[in-house]
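Notes for the one structure printed next.
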Amino acid sequence: MPHQELVRDLLAQRRSGFSLPQGLYVDDAIFQAELDAVFATDWLFACNACEIKRPGDFHTLEIGGNSLIVLRDRDGQIRAFHNVCRHRGSRLCLTESGHVNRLVCPYHQWVYELDGRLINARQMPDDFDPAGYGLRPAHVEVICGMIFVSIAEEPPSLERYRAAVTPYIAPHMPDRTKVAFTSTIIEEANWKLVIENNRECYHCSGNHPELLVTLVEFALPDDPAASATFRGLMERSTARWDRLGLPHRPADGGVEFRCIRLPFNEGTTSFTLDGKPGCAKLLADFTEPELGSVRLFRVPNNWNHFLSDQIMHFRVLPLSAHRTAVSTTWLVHEDAVEGVDYDVGRLTAVWLTTNDQDRQLAENNHLGIRSSAYRPGPYAPSEFLLNNFSDWYVAKMEAYAGSPRPVLAAAE
Amino acid sequence: MPHQELVRDLLAQRRSGFSLPQGLYVDDAIFQAELDAVFATDWLFACNACEIKRPGDFHTLEIGGNSLIVLRDRDGQIRAFHNVCRHRGSRLCLTESGHVNRLVCPYHQWVYELDGRLINARQMPDDFDPAGYGLRPAHVEVICGMIFVSIAEEPPSLERYRAAVTPYIAPHMPDRTKVAFTSTIIEEANWKLVIENNRECYHCSGNHPELLVTLVEFALPDDPAASATFRGLMERSTARWDRLGLPHRPADGGVEFRCIRLPFNEGTTSFTLDGKPGCAKLLADFTEPELGSVRLFRVPNNWNHFLSDQIMHFRVLPLSAHRTAVSTTWLVHEDAVEGVDYDVGRLTAVWLTTNDQDRQLAENNHLGIRSSAYRPGPYAPSEFLLNNFSDWYVAKMEAYAGSPRPVLAAAE
Amino acid sequence: MPHQELVRDLLAQRRSGFSLPQGLYVDDAIFQAELDAVFATDWLFACNACEIKRPGDFHTLEIGGNSLIVLRDRDGQIRAFHNVCRHRGSRLCLTESGHVNRLVCPYHQWVYELDGRLINARQMPDDFDPAGYGLRPAHVEVICGMIFVSIAEEPPSLERYRAAVTPYIAPHMPDRTKVAFTSTIIEEANWKLVIENNRECYHCSGNHPELLVTLVEFALPDDPAASATFRGLMERSTARWDRLGLPHRPADGGVEFRCIRLPFNEGTTSFTLDGKPGCAKLLADFTEPELGSVRLFRVPNNWNHFLSDQIMHFRVLPLSAHRTAVSTTWLVHEDAVEGVDYDVGRLTAVWLTTNDQDRQLAENNHLGIRSSAYRPGPYAPSEFLLNNFSDWYVAKMEAYAGSPRPVLAAAE
């Protein structure tokens, strides 16, 4: 466990209610510590069950230098493995997604079953026991179609999360969806700045005109800053959702997750430039488009929207202290027909634009924090979710490195 | 203050009269130490007053990861600030130059007056005191139109420099100039190699045919290596300048700066391919084009030429141990008309070409020094200014890291 | 000697018969140690004598940051020097190959004779003694046209290698060849993975269809896995070579080198897509095309094939822990005429394709080893040469860093 002293020193400088000390955002050694402290101990959102529908369908993802394979086994079960051959370490799957009968290493053709067992290693001697050389597995949990993976030896329980979010998501029937589009962009910014950017809409009015056609800027139904107009919209919306039996009140996710249903702006129902549905065929058996959106996130790496006509998954994967991959996936009803029920350009326009605006904001934030003049600044009240995120992050890092040493004088 | 021991070890290997030990040129840790020891303690040439003429005009520059804003306040005063919002650290100004009414952070629209005060931070709670969150200032001095900035807490005095160079520069009236052209190139070389390249003309005859049409290769009026032709040129030139009341003898700048007026080659008056003026409208109220050039430099990051028809400023900014940005700005009389009095291509041809030749020389120098076979070599007599530069540099680094430990056996 | 403790820790984890521990492949500090431990102590294959036929012909190569010049002196002798001017360290030769009368530094035109003596340093003072500033030499040995260089102070003897391989190579008369083509590719992989890839043909059947038209996959004449077909081919071939007086049995090179003559597949004689000769004019005075190929390698950085119609040299140069340059040179009879006796596209098709396939394999191997899930895996019997290579490598690293500390529990 390297770099623990550095971690402790930086944690000691952290001040609640303020952005984090510089080193936690831009130090390469901190990033290495985070791979162990955060990404090797928790669950990570990987992809959606509908992206690997058939046995042999696979998806790969990379966290730092670690590549994982998520696949569907012959019996329909979803499994995850490290993407590393047990012979000499070659990657097995070289593409982001695909379909295989078995996993065959491209180097020397060692063959693994879809359950990870090594079933053929040609030319190996008689005393070679393939049982000792199965693929190293990762843990998998599937919650309402969302596949989470963990490379921890004993990952924490996801049951509180599962229990809390299922009533919100299940009515949207994610098992009956398909992928309409996927986008991956690279942001030259620390992954925590990408997350922080997502956790507040304080920046929306100055940067996201397309998004604000439909998105309400308030994070809570009882936001004291909210206008009378919003309160009226909220009352009419919740009455409708109560009538339809759709939950909407904030779930109690602590610092781990958030789940709430919020309305779109008056007269709009989906993330499109005109606010009309992006897919004419609604999800599940919905007939009512005005369902607002279930806004979900879970630390450390995903946020999601469940609408009447589409589901959006956002996945954050750290590449280095200074680079982050952000993938967005749009799901629609599995029977929706492209060109008839939906147009990909229309469906994706708002968030492709918004993602790029957020990329620029995160990159400028990262550049500014690299300056020796950077000092942690105070969060606004509307940035309370960032402080929750910092609290969670600091606890993870403390669990790794030990409690910070007390310091007599806090950083300026 | 990291890396002090490494600095001391390398300083102990330095031998006067020789180029510096390898690590001082190519070690990443040394570069980090230099940001503290040199660039955070001294003055840096930033830009020219005529580049930010109106209130709200700004210029940005980057030293290592630190971005600074230089701007003109409403009252005409020039100020400098760290380009870092006090909220969550975003960069404020994203372009190299521009004009603003106030400084508005692109992220959450915190608004700063041109004097750095935070005057609006929307949504912040009532107990938030904006007085504690003004922009972090940098020091500014303006000397004959040259803007110097310092991020030191207490920068050294510039008064000796100001007093010495003003008599040479003032007659060229830099306050009555405008920018004709600016060029920035990136050199894959340590910043000290860029400076060393500028401090000698030993390399000119083998590399700069365009420059040598007009430039005399001798750095001192009494250079013992100078030819009789040069001595005659010098005598006629100084007689003319004495008659016009223009100072020319070398100012005593020690290792800090150099200021001298030297003639161009016989029959030439400016840095053009044919030696004729690059701008027909001369600076100030000059009527005599044969004024040679005031050659100025100051450690660590600038050199300048003041001619009868133009002023040239060269600015060096270190980006890493291995990359350096070199900006060149050509100033002409503010009333000169492009296309009538001057042609930009003609005005800039010699030094754009020369800069690129110097870039190649510095890059090959840097590559060679990376070799384990590199050993510091002896400066030629005509490279005396490089030894001055090394003396200054070593003193700065010693002030940071302490005197070097004595070594029994010098490096080979 | 930095990083010795890290080296010892990693060596302690090495298990014979298995691929190396992760850090030895991908750690930047290990790479720095290897530059000292391996590349600064041993001989490196540089280029071929026929590439620098005339006095003043030179070739440059780079190992890590160290550039070397290999040239032919006026008296015909081949010499090597560090490509670093003794004045201020500039590189002298800026291209990969060329011809010079003397070595003139591009910076200040210091002039060196082809034997490395400094013969002109203009403007230097009278007390400057050029005898102290000759180019720093490297050791050179030429063995059957192959030029080896060493930057060690006292390189090991090459005599065992010379004595062993000369009888195999000399009949191909490498001194009467010329370069038909040279290719350099960059592989994003550690140099040891490039070498390991070359040391086994276990990966051939799954990856190299073009190569396997002609190459037999067996590394030894008595390979127990070999088919009866191969044994018959071997018997007929060795009878032919014995008749022609061409040696073929494996030389005893220990872990240092390998030298053996092996046949091509039945009915094929050269590395072409159809197996027919790539050059109609055979090497030396050969009339018989079915000479198989002398397969040669020597640690750390070369392998070679000597055929009836061509000689191929492969050279590996490490650029960083993660990047390696691989150069391939095709030599044909010096009297062969391009377009008449050989077509470059036809001559090079198989190995240009094979090199690119191997690049992909090495890069995927490197990516997989970067994963925290990588564990050294067992070599197959047909990978015995990799274990030889690891044995040699470990011995080199131990000689540098001291024996590894004993560990109680081996890595998994």
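Residue numbers (full-length UniProt numbering), protein chains in the order written: chain A, 1 to 412; chain B, 1 to 412; chain C, 1 to 412. Backbone N, C-alpha and C define an ideal beta-carbon position, used for all residues, glycine too.
Restricting to Cα atoms, I'd like to know which of the options is closest to residue i.
i                : options                                : result
Lys192 (chain B) : B:Ser403, B:Asn387, B:Leu347           : B:Asn387
Arg261 (chain A) : A:Arg240, A:Lys276, A:Val255           : A:Arg240
Ile195 (chain A) : A:Asn301, A:Ser403, A:Met146, A:Ala321 : A:Asn301
Ala325 (chain C) : C:Glu188, C:Ala280, C:Arg370, C:Arg295 : C:Glu188
Arg370 (chain A) : A:Thr353, A:Ala321, A:Asp356, A:Ala401 : A:Ala321
Glu217 (chain C) : C:Ala399, C:Cys93, C:Met312, C:Arg295  : C:Arg295
Ala251 (chain A) : A:Ser372, A:Arg102, A:Asn83, A:Ala163  : A:Ala163
Ala323 (chain A) : A:His3, A:Tyr25, A:Leu6, A:Arg15       : Contrary to the premise, residue 323 (chain A) reads as Arg rather than Ala in this sequence. Looking at the Cα atoms, A:Tyr25 is the closest of the given residues.
Trp303 (chain B) : B:Glu290, B:Asp309, B:Thr328           : B:Thr328
Ser308 (chain B) : B:Ser205, B:Gly145, B:Leu246, B:Asn207 : B:Leu246
Ser16 (chain B)  : B:Pro381, B:Ala399, B:Arg176, B:Gly402 : B:Pro381
Thr177 (chain A) : A:Val149, A:Asn197, A:Leu317, A:Gly145 : A:Gly145
Ala152 (chain A) : A:Asp36, A:Gly402, A:Arg160, A:Ala46   : A:Asp36
Gly232 (chain B) : B:Glu266, B:Arg86, B:Asp28             : B:Glu266
Ser67 (chain B)  : B:Asn190, B:Cys93, B:Ser403, B:Ser205  : B:Cys93
Asn355 (chain B) : B:Thr182, B:Ala373, B:Thr229           : B:Thr182
Is residue i near the ligand GDP, judged by its Cβ being under 7 Å from some heavy atom?
i                : result
Pro277 (chain C) : Ligands in the displayed structure: none, and consequently the ligand GDP is not present.
Would you identify the three-state DSSP class for residue i, choosing helix, strand or coil?
i                     : result
Leu220 (chain A)      : coil
Arg8 (chain B)        : helix
Glu141 (chain C)      : strand
Glu188 (chain A)      : coil
Ile147 (chain B)      : strand
Thr166 (chain C)      : helix
residue 414 (chain B) : Only positions 1 to 412 of chain B appear in this structure, which leaves residue 414 (chain B) out of reach.
Lys396 (chain A)      : helix
Trp43 (chain A)       : coil
Cys93 (chain C)       : coil
Asp302 (chain C)      : Note on residue identity: the sequence assigns Asn, not Asp, to residue 302 (chain C). In this structure, Asn302 (chain C) counts as strand in the three-state DSSP scheme.
Ser320 (chain A)      : strand
Pro376 (chain C)      : coil
Phe389 (chain A)      : helix
Arg346 (chain C)      : helix
Arg136 (chain A)      : coil
Thr313 (chain C)      : The sequence as given places His at residue 313 (chain C); Thr does not occur at that position. Strand, per DSSP.
Ala325 (chain C)      : strand
What do you reckon, are the CB atoms on residue i and residue j nearer than 8 Å?
i                     : j                : result
Gly275 (chain A)      : Phe264 (chain A) : yes
residue 413 (chain C) : Pro156 (chain C) : No information on residue 413 (chain C) is available, as it lies outside the stretch 1 to 412 that chain C covers here.
Met173 (chain A)      : Ala280 (chain A) : no
Gly89 (chain A)       : Asn365 (chain C) : yes
Leu244 (chain B)      : Glu200 (chain B) : no
Leu6 (chain A)        : Pro55 (chain A)  : no
Phe257 (chain C)      : Arg315 (chain C) : no
Leu118 (chain A)      : Gly134 (chain A) : yes
Leu20 (chain A)       : Pro318 (chain A) : no
The segment 91-111 of chain C touching the segment 346-365 of chain B, judged by at least three CB pairs closer than 8 Å: yes
Could you tell me whether the segment 332-342 of chain B touches the segment 60-68 of chain C, using the rule of 3 or more Cβ pairs below 8 Å? no
So, do the segment 8-17 of chain C and the segment 388-399 of chain C have three or more beta carbon pairs nearer to each other than 8 Å? yes
Between the segment 197-217 of chain A and the segment 114-130 of chain A, can you find at least three pairs of beta-carbon atoms closer than 8 Å? no
Count the CB pairs spanning the segment 37-52 of chain A and the segment 340-359 of chain A that are closer than 8 Å, and state whether there are at least three. no
So does the segment 78-97 of chain A actually touch the segment 133-147 of chain A, counting three or more Cβ pairs closer than 8 Å? yes
Would you list, in sequence order, the uninterrupted beta strand (DSSP E) runs of no fewer than 3 residues that lie entirely inside the segment 193-267 of chain C? 257-262
Runs of beta strand (DSSP E) wholly within the segment 12-90 of chain B (minimum 3 residues, chain order): 44-48, 57-63, 66-72, 78-82
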